[in-house]
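Below is one structure, written out as structure tokens; the observations come after it.
Residue numbers (the numbering used here): 112 to 419.
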């Protein structure tokens with residue numbers, strides 16, 4: 112467990128797990144506040160934590176509340192976050208101000224990685240990472256998630272980058288930053304709502320034991336930065352790629368027409384996609400998050416077994 116930080120508030124359960132080298136899995140909170148409507152978001156958050164527990168690990172959902180980085184949330188905390196219309200989407204640039212001003216903040220992939228590393232948590236489950244946005248030539252819009260993966264030592268389990276993004280450029284950016292992307296039971300990058308894409312991965316493994324060995328070797332080599340595990344949505348929940356690409360492209364055009372910019376782009380697009388798919392994309396989003404939670408817990412457990 113890492114040294115005390117005055118801004119960290121870690122639940123006794125998570126503290127005990129970290130102290131005794133038990134598997135712990137961090138969870139973001141932007142998916143709760145900005146990714147899904149209430150009460151679906153609370154149901155999702157509690158089920159993800161339950162899945163992680165069932166697989167033998169301890170969940171640690173992270174958010175900013177009352178001037179503290181909370182590592183592990185109570186049911187009341189989850190309700191507060193899920194119902195709030197004023198929760199701030201917190202990335203690296205926002206952390207200090209939201210803490211100092213005691214605002215309610217939901218952590219993105221980037222800030223969850225930072226907070227997890229502060230607490231000594233090595234594994235983090237999310238839905239999909241951010242990346243290079245479509246229309247980059249005009250907007251220069253690149254998610255801070257990619258920079259964080261290049262410098263923060265946390266393993267992130269996801270269903271690929273969000274399908275609203277420019278996936279080839281996102282992968283190129285990660286390669287430039289030296290981030291290893293490992294496919295779990297897939298040779299291609301999953302595209303969030305769908306299992307496949309045209310992007311071939313340089314490395315894939317078939318079991319969590321091999322994933323754990325890679326993370327362990329990276330630690331022993333003292334290589335800085337994160338590692339990205341690309342875990343495809345289950346086949347039964349995967350949506351048709353052409354169908355989703357058509358909807359996504361229309362949503363992107365609408366975002367330009369409506370002059371949506373910066374960190375408002377992703378929530379806008381996801382909401383549009385849910386509406387256009389009549390809720391199918393939300394169902395797929397839930398399925399992939401639950402699947403990632405299971406793999407993340409199994410990986411954390413396999414990694415801790417290597418430490419004994």
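For each residue, glycine too, the CB sits at the ideal point set by N, CA and C.
Values in this document were obtained by computation on a predicted structure and should not be read as measured data.
- Between residue 181 and residue 120, the C-beta gap is smaller than 8 Å, which places the two residues in contact.
- If you check the CB distance, residue 383 and residue 362 come in under 8 Å.
- Excluding its 5 nearest sequence neighbours in each direction, residue 265 has C-beta neighbours in its own chain below 6 Å: 224, 227, 228, 235 and 337, listed in chain order.
- Here the alpha carbon of residue 302 sits roughly 8 Å from the alpha carbon of residue 278.
- Residue 149 carries a coil assignment under DSSP once its states are collapsed to helix, strand and coil.
- Each residue's CA atom was taken as its position, placing residue 159 and residue 260 some 23 Å apart.
- When the Cα atoms are used, residue 375 and residue 369 turn out to be separated by approximately 11 Å.
- Under DSSP, residue 276 forms a beta bridge with 244.
- In the displayed model, residue 232 falls within coil according to three-state DSSP, outside both helix and strand.
- DSSP places residue 135 in the strand class (E or B) of the three-state scheme.
- In the three-state reduction of the DSSP assignment, residue 354 falls in the helix class, which pools H, G and I.
- Proximity of the region 136-154 to the region 167-179 meets the contact definition, three or more beta-carbon pairs being nearer than 8 Å.
- Looking at the DSSP output, residue 195 bridges to nothing.
- Between residue 272 and residue 132, the alpha-carbon positions lie close to 30 Å from each other.
- If you look at residue 327, you'll find it in the alpha helix (DSSP H) that goes 319-331.
- In the DSSP assignment, residue 211 falls within the alpha helix (DSSP H) that extends over 206-211.
- Residue 342 counts as buried, since at least 16 other C-beta atoms from the protein chains shown sit within 10 angstroms of its C-beta.
- The C-beta separation of residue 122 from residue 167 comes to about 18 Å, leaving the pair out of contact by the 8 Å criterion.
- In the displayed model, residue 123 falls within a helix according to three-state DSSP.
- Residues 200, 217, 218 and 219 of the same chain have their beta carbon placed closer than 7 Å to that of residue 141, with the five preceding and five following residues left out of the count.
- Counting every other CB atom within 10 Å of its CB across the protein chains shown gives residue 306 a total of 16 or more, marking it as buried.
- Buried is the label assigned to residue 340, since at least 16 other Cβ atoms lie within 10 Å of its Cβ.
- The three-state secondary structure of residue 261, taken from DSSP, is coil.
- Check the Cα spacing between residue 310 and each of 189, 299 and 149: the tightest is with 299.
- A buried status is given to residue 270, since no fewer than 16 other beta-carbon atoms sit within 10 Å of its beta-carbon.
- In the structure shown, residue 343 falls within a coil segment according to DSSP collapsed to helix, strand and coil.
- Between residue 256 and residue 246, the C-beta spacing is not below 8 Å.
- Using a 10 angstroms sphere on the CB of residue 357, the tally of other CB atoms stays under 16, which defines it as exposed.
- In the DSSP assignment, residue 349 falls outside any alpha helix (DSSP H) and carries neither an H nor an E.
- Here residue 194 has 149 as same chain residues with Cβ atoms under 8 Å from its own Cβ, once five neighbours each way along the sequence are excluded.
- Here DSSP, grouped into helix, strand and coil, assigns residue 335 to coil.
- The C-beta distance from residue 292 to residue 414 rounds to 18 Å, too long to fall under 8 Å, and the pair is not in contact.
- With fewer than 16 other Cβ atoms from the protein chains shown falling within 10 Å of its own Cβ, residue 154 counts as exposed.
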